[in-house]
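Q:
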């Protein structure tokens, strides 16, 4: 049993504290509504992460974006799009795919990230932004996936 002398001090929030809390909540809700109305993942965390917010219909096209690299060793590899791999996350590449198509030089940071994180590995000399597409019909894969090169970048050294 807690006696009066052992009870923790209770501090009441004043008018200013309540006002600040309400204003912060209203601002957060406003930012979330703005991002939701724009329906853009660019506004995250104040907008939808649409890639997780829906299911795939039975008759749909599924697009998968990836980056392929030709190395100075003459091999072609898929770039590991994560912080440990090239220092750039797949979500960032997917979100900026339109910008990369318009300006392929944005892929330079992928090559730079790889070289910085893996100095002992073959360097990238050419990068391609590729969209692989799988078609679903009645919930089943219809034919082999197709690939389309969206952008190509010759890496600067």
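In this note's numbering, the protein residues as written are 72 to 228. Ideal placement from N, C-alpha and C gives every residue a C-beta, glycine not left out.
(1) With a threshold of 8 Å, are at least 3 pairs of Cβ atoms found where one atom belongs to the segment 152–171 and the other to the segment 206–215?
(2) Secondary structure at residue 126, three-state DSSP: helix, strand or coil?
(3) Near residue 185, which residues of its chain fall below 8 Å by C-beta distance, leaving aside the five closest residues on each side in sequence?
(4) Do you know offhand how far residue 108's Cα is from residue 130's?
(5) Taking residue 182 as part of the alpha helix (DSSP H), name the residues at either end of that continuous run.
(6) Between residue 222 and residue 174, what straight-line distance do the alpha-carbon atoms span, to the nearest angstrom?
(7) State buried or exposed for residue 225, treating a residue as buried only when at least 16 other CB atoms are found within 10 Å of its CB.
(8) With a threshold of 16 other CB atoms inside 10 Å of the CB of residue 171, please say whether the residue is buried or exposed.
(9) What does the alpha-carbon distance come out to for the pair residue 128 and residue 147?
(10) Would you grab the beta carbon distance between residue 133 and residue 207 for me? Rounded to a whole angstrom, and I think it's under 8 Å.
A: Once the coordinates are examined:
(1) Result no; under three Cβ-Cβ pairs closer than 8 Å.
(2) By 1-based counting over the chain shown, the position of residue 126 is 55. Note: residue 126 maps to coil in three-state DSSP.
(3) To locate residue 185, count along the chain shown from 1; it is residue 114. Once the five neighbours on either side are set aside, the close Cβ partners of residue 185 are 140, 150, 156, 157, 158, 192, 194 and 195.
(4) Looking up residue 108 in the chain shown gives position 37. Looking up residue 130 in the chain shown gives position 59. Rounded to whole angstroms, residue 108 to residue 130 spans 26 Å at the Cα level.
(5) In the chain shown, the residue the question calls residue 182 occupies position 111. In this chain, the alpha helix (DSSP H) harbouring residue 182 covers 179–188.
(6) By 1-based counting over the chain shown, the position of residue 222 is 151. By 1-based counting over the chain shown, the position of residue 174 is 103. C-alpha of residue 222 to C-alpha of residue 174: approximately 8 Å in a straight line.
(7) Against the chain shown, residue 225 aligns to sequence position 154. Using a 10 angstroms sphere on the CB of residue 225, the tally of other CB atoms stays under 16, which defines it as exposed.
(8) One-based indexing of the chain shown puts residue 171 at position 100. Buried: at least 16 other Cβ atoms inside 10 Å.
(9) Here residue 128 is taken as the residue at index 57 of the chain shown, counted from 1. Here residue 147 is taken as the residue at index 76 of the chain shown, counted from 1. Cα to Cα, the separation comes out at about 34 Å.
(10) As a working note, residue 133 is residue 62 in the chain shown. As a working note, residue 207 is residue 136 in the chain shown. About 7 Å; that satisfies the 8 Å criterion.
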